[in-house]
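Shown next, in C-alpha cells, is the structure this report addresses.
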Amino acid sequence: MNSLNHLAIILDGNGRWAKKRGLPRKAGHVAGAKNVETICRAVYKRGIKYLTVYAFSTENWKRPDDEVNAIMKLFDGYLDDCIKNCKKNNMVVRLLGDRKGIGKLIDKVEKLENDSKDNTGLNLNIAINYGSRNEIVNAASLIAEDYKAGKIDKIDEDILGEYLYTAGIPDPDLIIRTSGEQRLSNFLLWQAAYSELLFVDKPWPDFDEQELDKAIEAYNSRDRRYGKIKEEE
Ligand code: IPE
Ligand code: IPE
Ligand code: MG
0 MNSLNHLAII
10 LDGNGRWAKK
20 RGLPRKAGHV
30 AGAKNVETIC
40 RAVYKRGIKY
50 LTVYAFSTEN
60 WKRPDDEVNA
70 IMKLFDGYLD
80 DCIKNCKKNN
90 MVVRLLGDRK
100 GIGKLIDKVE
110 KLENDSKDNT
120 GLNLNIAINY
130 GSRNEIVNAA
140 SLIAEDYKAG
150 KIDKIDEDIL
160 GEYLYTAGIP
170 DPDLIIRTSG
180 EQRLSNFLLW
190 QAAYSELLFV
200 DKPWPDFDEQ
210 ELDKAIEAYN
220 SRDRRYGKIK
230 EEE
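For the sequence shown, position 35 (counting from the first letter as 1) is numbered 34 according to numbering that gives the first Met the number 0, and the numbering increases by one without interruption.
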C-alpha cells in the first residue's frame, strides 16, 4: 500500500453545482468553502498529514468583479473563523500564492500562520492567488539575486524547491481534481512531477467522505515506480 502523506485537491465545479440548482455562482462558492471544513476533518481522521486546496488561481482574477469579490469575502470570513478556532482546530495553516496580490487579507493570513505555527494537527495549505508559473518565475528571480549576492553557490533541484512557495512541504502524493476537467490549470507543476492524478466527476461541493475513501482506495492500488521497474521484475 502506498503511503498518503500529502493530498492536494483542485476544488473545481462550484459554479456548475450552483447552476444545476438554479442558484447564483456565489452560492456554489459558499457550499464549496463549507466543504473544505468537512474534508479537512475527514482527511485528518484518515491519518493524512498535509492537505493542499487550490481555491483561487492567478488566472481567476479574470472573472467578473462580483464573483471575485464574493470569493475574497468568503476567504476573509474563513480566515476570521480559523483565527477564532485556531487552538480547537489544531491545524497549521499556510498560504501558497503571490502574497503581494491579495490586498489587506495578507494581515489576517499572516496572523493565522503565526498563531497556528505550533499546532500539531493537519497541515492545511491554502492556494490563493496561486499560479505555478508565477511561483517558478518568483523562485528564479530570488535565486538570481541570492546567487549574485554570493548567498548560494549552486543551483539544483533541492535549492529551487527551497525558493518555491511550498518550501519545506513534501510533494503531493495524490492530486484530485473534481468536476470532470482533466487538467492542472497551473497548479503545482514542479511539485507534481511524480504525483498520482485522479479526476472525479462530482463537483467540489458534493465531494464527501465516501468520495474521499474511494479516492484513497484508488491511490492505494496505483503502482508508483519513479522511473524504476517493479522490484520483482
Ligand atoms: C472552483 O469552482 C472555484 C474557483 C476556481 C474559484 P469554479 O468556480 O471554477 O466552478 P466551475 O468550474 O465554473 O463549475
Ligand atoms: C482551477 O479551476 C483553479 C481552481 C480550482 C482554483 P478553474 O475553474 O479556474 O480552471 P479552468 O479555467 O477550468 O482551467
Ligand atoms: Mg472551474
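We put the CB at the ideal spot given by N, CA and C, even for glycine.
Look at the beta carbons and you see the segment 7-19 touching the segment 47-65: at least three pairs across the two are nearer than 8 Å. Under DSSP, Glu195 takes part in a beta bridge, and its partners are Leu173. Comparing C-alpha distances from Asn113 to each of Leu78, Ile142 and Glu134 shows the shortest one belongs to Leu78.
Within the same chain, Pro23, Arg24, Ala26 and Gly27 come within 7 Å of Ala17 by CB-CB distance, once the 5 residues on both sides are set aside. Beta-bridge partners of Asn124 (DSSP): Thr51 and Arg93. Here Ser184 carries a coil assignment [DSSP, helix/strand/coil]. Listed in chain order, the beta strand (DSSP E) elements of length 3 or more contained wholly in the segment 129-163 amount to none. Per DSSP, the unbroken beta strand (DSSP E) holding Ile9 starts and ends at His5 to Ile9.
Take Tyr162, set aside five residues on each side of it, and the residues of its chain with a beta-carbon closer than 6 Å to its own are Ala138, Leu141 and Ile142, in chain order. For Ala30, the enclosing alpha helix (DSSP H) starts and ends at Arg24 to Lys44. Contact annotation, Ile127 with Gly96: C-beta distance approximately 5 Å; criterion of less than 8 Å satisfied. In the displayed model, Ser115 falls within a helix according to three-state DSSP. In the DSSP assignment, Trp16 falls within the alpha helix (DSSP H) that extends over Asn13 to Lys19.
Distance from the CA atom of Asn133 to the CA atom of Gly100, rounded to whole angstroms, is 12 Å. In the DSSP assignment, the residues bridged to Ser56 are Tyr129. Membership of Gln209 in the alpha helix (DSSP H) is indicated by the continuous run Glu208 to Asn219. Inter-residue distance for Asn88 and Gly120 is about 8 Å (C-alpha atoms, whole angstroms).
Leaving aside the five residues that flank Leu188 on each side, the residues in its chain whose CB is nearer than 6 Å to its CB run, in chain order, Ser131. Secondary structure at Pro63: coil, using DSSP grouped into helix, strand and coil. The Cβ atoms of Gly31 and Pro204 lie closer than 8 Å to each other. Relative to the non-hydrogen atoms of ligand 1, the Cβ of Ile70 comes within a distance shorter than 7 Å of at least one. CA-CA distance, Lys33 to Leu123, rounds to 15 Å.
Between the C-alpha atoms of Tyr218 and Gly149 there is a straight-line separation of about 43 Å.
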